[in-house]
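S.K.:
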Amino acid sequence: MKDKRRRGLFFLAVLLTALSLIFAGTAENRVIALSRSNAELWILAGGSLTATSDDAMTLPGLNPDVVSLGDMDHVSLESVAALEPDLLILFSDEPAQRALGEAAKGIGIQVLGLDINGFRDYADTMKDLTGRTGREDLYEKNVLRVEEEISAEIARAGSRFAGKSYLLLHVSATKSKAEKNNYFTCEMLNRLGMVNIAGDETLWNELSMEAIAAADPDYILVVPRGNDQKALEGFREKFTSGSVWAELKAVKENRFHVLAKELFGLKPNTRWAEAYRRLRSILEGNEAGGTE
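Numbering-wise, the sequence shown is residues 11 to 302 according to the numbering used here.
#1: Return the CA-CA distance between leucine 224 and phenylalanine 171, expressed in angstroms with no decimal places.
#2: What's the gap between the Cα of leucine 54 and the Cα of lysine 271?
#3: Which runs of the beta strand (DSSP E), 3 residues or longer, sit entirely within the stretch 124 to 178?
#4: Since arginine 166 contacts arginine 290 with CB under 8 angstroms, what's their CB separation in whole angstroms?
#5: Would you kindly work out how many angstroms separate the C-alpha atoms of isoleucine 99 and valine 121, rounded to a whole number?
#6: Nearest CA to the CA of aspartate 138: which residue from Ala183, Trp52, Arg46?
#7: Does the beta-carbon of glutamate 211 have 16 or more other beta-carbons within 10 angstroms, so that it is buried, or is it exposed?
#8: In or out: leucine 213 buried (at least 16 other Cβ within 10 Å) or exposed?
#9: Am I right that aspartate 96 and asparagine 39 are in contact with their C-beta atoms under 8 angstroms? What's the rounded C-beta distance?
#10: If we require 4 or more residues per run, which alpha helix (DSSP H) segments fall completely within the stretch 196 to 278?
#11: Helix, strand or coil for valine 76? Go by DSSP, reduced to three states.
#12: Our contact map puts leucine 242 next to valine 268 with C-beta atoms below 8 angstroms; I'd like the distance itself, whole angstroms only.
#13: Return the first residue and the last residue of the beta strand (DSSP E) that valine 41 is part of.
#14: Based on the DSSP secondary-structure assignment, which residues constitute the bridge partners of threonine 62?
#15: What is the residue span of the beta strand (DSSP E) that isoleucine 117 lies within?
#16: From this set, Leu231, Lys187, Ile117, which residue's C-alpha is nearest valine 205's C-alpha?
#17: What residue from Ile160, Thr135, Gly173, Gly56 has the CA that sits closest to tyrosine 229's CA?
#18: Assign threonine 135 to one of two classes, buried (16 or more other C-beta atoms within 10 Å of its C-beta) or exposed (fewer than that).
#19: For serine 186, write down the residues that DSSP places opposite it in a beta bridge.
#20: By the DSSP assignment, the beta strand (DSSP E) with leucine 69 in it spans what residues?
#21: How is valine 90 classed by DSSP in three states: helix, strand or coil?
#22: Nearest by alpha-carbon distance to arginine 46: which of Ala285, Glu247, Gly295, Leu276 is it?
#23: For glycine 144, which of Arg155, Pro74, Ala162, Gly57 has the nearest alpha-carbon?
#24: Mind checking whether serine 182 and glycine 236 have CB atoms under 8 angstroms apart?
#25: Drop a sphere of 10 angstroms on the beta-carbon of alanine 92, count the other beta-carbons inside from all chains shown, and report buried for 16 or more, exposed for fewer.
#26: CA-CA distance, histidine 180 and glutamate 157?
#27: To the nearest angstrom, how far is it from the Cα of lysine 259 to the Cα of methionine 219?
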């Protein structure tokens, strides 16, 4: 009798363990992720989506029954609440999404705000997300292996770029902005030993040709926003058409590069190592930056 009871308890323990593995991470079955980047992160962590924004609807691996909520910065609280999500993933540093997140919290929806400014932020986020989905194997695949590749790229660069100054600009049809060290591509450049002339200085909040000429960086790097052609046309009209531009060190020495938006304007996620590889090659002059 005791042996039968012991066997019964053993099989019950096995069953409970199996069930816990099957249902690990499924407390959040109904997930909404706003933006292509955030949606991709959840998919990379092994999750499926109830809804996302329209820019994410062509993502590889997206489940076919996902609902589009339209533009990521114009999603209404009503449309989110109607789907009864267990989790809403959005950007914590974007005003419109932050406001939506606060409103969603106010009606009891769990909100995860993401602000990824470098690979470490990406790694920490994936640790959280794979913990929620129960897919720690995907953390190893999409983070640890990528981290090894990044280290190899930094080692290949050696001290080649140590101390070299740069200015990284985000440009649109109407505006150009100098990025500071909290921007993820700046973090990549800094890890290669380079120095951002804009750094954290507020004097670069208003970009001018005079300020660029006075700093005369070794490299000038541009990332277009919105329509690439219109963004670059606007930038050229304001900055590159004058004689001062032609005298800049970076221009004379062919170190002015336009960087591809998909790697240096959007968060690269699993493509971090590829982004480092491309960046190193561009800085070495081995390939064109992208749009120019």
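C-beta atoms are modelled at their ideal positions from N, C-alpha and C, and glycine is treated no differently. Just so you know, these numbers come straight off a predicted model, no measurement behind them.
M.R.: In short, the structure shows the following:
#1: The count along the sequence shown starts at 1 and reaches residue 224 at position 214. The count along the sequence shown starts at 1 and reaches residue 171 at position 161. Going by the sequence as given, residue 224 is alanine instead of leucine. If you take the alpha carbons of alanine 224 and phenylalanine 171, they lie about 21 angstroms apart.
#2: To locate residue 54, count along the sequence shown from 1; it is residue 44. To locate residue 271, count along the sequence shown from 1; it is residue 261. Distance between the alpha carbons of leucine 54 and lysine 271 is about 21 angstroms.
#3: none
#4: To locate residue 166, count along the sequence shown from 1; it is residue 156. To locate residue 290, count along the sequence shown from 1; it is residue 280. Indeed they touch by this definition, with Cβ atoms about 7 angstroms apart.
#5: Here the question's residue 99 lines up with position 89 in the sequence shown. Here the question's residue 121 lines up with position 111 in the sequence shown. Spanning the two alpha carbons is a distance of roughly 6 angstroms.
#6: Against the sequence shown, residue 138 aligns to sequence position 128. Cα-wise, what sits closest to aspartate 138 is Trp52.
#7: In the sequence shown, residue 211 corresponds to position 201, counting from 1. Burial state of glutamate 211 is exposed, judged by a 10 Å Cβ sphere holding fewer than 16 other Cβ atoms.
#8: Mapped onto the sequence shown, residue 213 falls at position 203. Leucine 213 should be labelled exposed.
#9: As a first step, residue 96 is located in the sequence shown; it is residue number 86 there, counting from the start. As a first step, residue 39 is located in the sequence shown; it is residue number 29 there, counting from the start. Correct: roughly 6 angstroms between the Cβ atoms.
#10: If only uninterrupted alpha helix (DSSP H) runs of at least 4 residues are considered, those enclosed by the stretch 196 to 278 are 219 to 225, 238 to 245, 253 to 256, 259 to 262, 271 to 274.
#11: Position 66 of the sequence shown holds residue 76. Of the three classes helix, strand and coil, the one that applies to valine 76 here is coil, per DSSP.
#12: Taking the sequence shown and counting its residues from 1, one reaches residue 242 at position 232. Taking the sequence shown and counting its residues from 1, one reaches residue 268 at position 258. 7 angstroms between Cβ atoms; contact.
#13: For this step, residue 41 is matched to residue 31 along the sequence shown. Segment 41 to 43, the beta strand (DSSP E) holding valine 41.
#14: Here residue 62 is taken as the residue at index 52 of the sequence shown, counted from 1. Per DSSP, Ala43, Ser78.
#15: To locate residue 117, count along the sequence shown from 1; it is residue 107. That residue, isoleucine 117, is in no beta strand (DSSP E); it is neither H nor E in DSSP.
#16: As a first step, residue 205 is located in the sequence shown; it is residue number 195 there, counting from the start. Comparing Cα positions, the closest option is Leu231.
#17: Here residue 229 is taken as the residue at index 219 of the sequence shown, counted from 1. Tyrosine 229 has its Cα closest to that of Gly173, out of Ile160, Thr135, Gly173, Gly56.
#18: Position 125 of the sequence shown holds residue 135. Threonine 135 should be labelled buried.
#19: Residue numbering aside, residue 186 sits at position 176 when the sequence shown is read from its first letter. Bridge partners of serine 186: Val181.
#20: Reading the sequence shown from its first residue, position 59 is the one you call residue 69. Careful: leucine 69 lies outside any beta strand (DSSP E) and carries neither H nor E.
#21: Translated into the one-based positions of the sequence shown, residue 90 becomes position 80. It is helical.
#22: Here residue 46 corresponds to residue number 36 of the sequence shown, with the count starting at 1. Of the candidates Ala285, Glu247, Gly295, Leu276, the one whose C-alpha sits nearest the C-alpha of arginine 46 is Leu276.
#23: Residue mapping note: residue 144 aligns to position 134 of the sequence shown, counting from 1. Glycine 144 has its Cα closest to that of Gly57, out of Arg155, Pro74, Ala162, Gly57.
#24: Looking up residue 182 in the sequence shown gives position 172. Looking up residue 236 in the sequence shown gives position 226. For serine 182 and glycine 236, yes; Cβs fall inside 8 angstroms.
#25: As a working note, residue 92 is residue 82 in the sequence shown. Flag for alanine 92 reads exposed.
#26: The residue labelled residue 180 in the question sits at position 170 within the sequence shown. The residue labelled residue 157 in the question sits at position 147 within the sequence shown. If I take the Cα positions, the gap works out to 26 angstroms.
#27: Your numbering for residue 259 matches position 249 in the sequence shown. Your numbering for residue 219 matches position 209 in the sequence shown. Each residue's Cα considered, the two are about 14 angstroms apart.
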